[in-house]
DNA sequence: TCAGTATATAATAATTCACTTATATAAGTA
DNA sequence: TACTTATATAAGTGAATTATTATATACTGA
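Residue numbers (UniProt numbering), protein chains in the order written: chain A, 1 to 114; chain B, 1 to 114.
This is the structure:
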């Protein structure tokens, strides 16, 4: 584990973002997997704009990055972010949420990460 | 560093609390020092009720605990909390805020921790 | 017991937040 | 080109959040 230091204002802003169950779960999932919006819509049973708006906040903060792949936009954790060490460290204290993706896979709804 | 696991809902609630600059700074200070409300009032140049309300949230979540010492109520980090390992870990990524206490000390306003 | 200091609580106003619905954009495909 | 799918953006709304001021409680010491 690296011990990078993050300004306290910036850290508070990141923690505020992660202080939402939906976004925290997203980020935990993204720590191991890349995902697209429509997968999150399925996982969280939430409207597409709601998901897009959550992701936008994470993207604006530099926590997450996007890459278009044809029709889809694939989101992944931005491991180059100054915040990544702190975030990754934190995610280590959370139980894996990958079962949510497994459920999608079973339903044949997994899309992005082949 | 211990790797304790915290339920994702609970973790989100804690991170939400820490996602406020004032509370995050408080907790960072409390990681090394015990403090009373009036010291925080000085440090943050904020009204006493505002400080009390921030502390109450931290106390309700079990992050912080109180001990009355005469006239004062001394707050400290609750190291027995299930969240403490995660929180402590996180605080390791933040720059020390102890200079804020040193400033108090210089002004002769330090109270609690002799 | 009274005055002063430390803290908590209550009520409230301004702001922010997380959704919603409606609509726009962009890519893929018939 | 027109239709479909994936995603983003905009506008609006109700709930939550963070301050404030006013007031209550608790301890200390004269």
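Each residue gets a CB set at the ideal place from its N, CA and C atoms; glycine is no exception.
Excluding sequence positions up to five before and after residue 17 of chain B, its CB lies within less than 8 Å of the CB of 23, 57, 58, 61, 63, all in the same chain and listed in chain order.
For residue 77 of chain B, the uninterrupted beta strand (DSSP E) segment begins and ends at 72-77.
Apart from sequence neighbours up to five positions away, the residues of its chain that approach residue 13 of chain B with a beta-carbon distance below 8 Å are 61, ordered along the chain. The three-state secondary structure of residue 110 of chain B, taken from DSSP, is coil.
The residues 27, 28, 31, in chain order, have a CB closer than 8 Å to that of residue 91 of chain B in the same chain once the five nearest residues on each side in sequence are set aside. Taking the Cα positions, residue 103 of chain B is about 14 Å away from residue 38 of chain B. Of A/107, A/19, A/93, A/83, the smallest CA-CA separation from residue 54 of chain A is found for A/19. In the DSSP annotation of this structure, the continuous segment of the beta strand (DSSP E) that includes residue 64 of chain A starts and ends at 64-69. Residues of the same chain with a CB within less than 6 Å of the CB of residue 41 of chain A, apart from the 5 flanking positions on each side, are 48, 51 in chain order.
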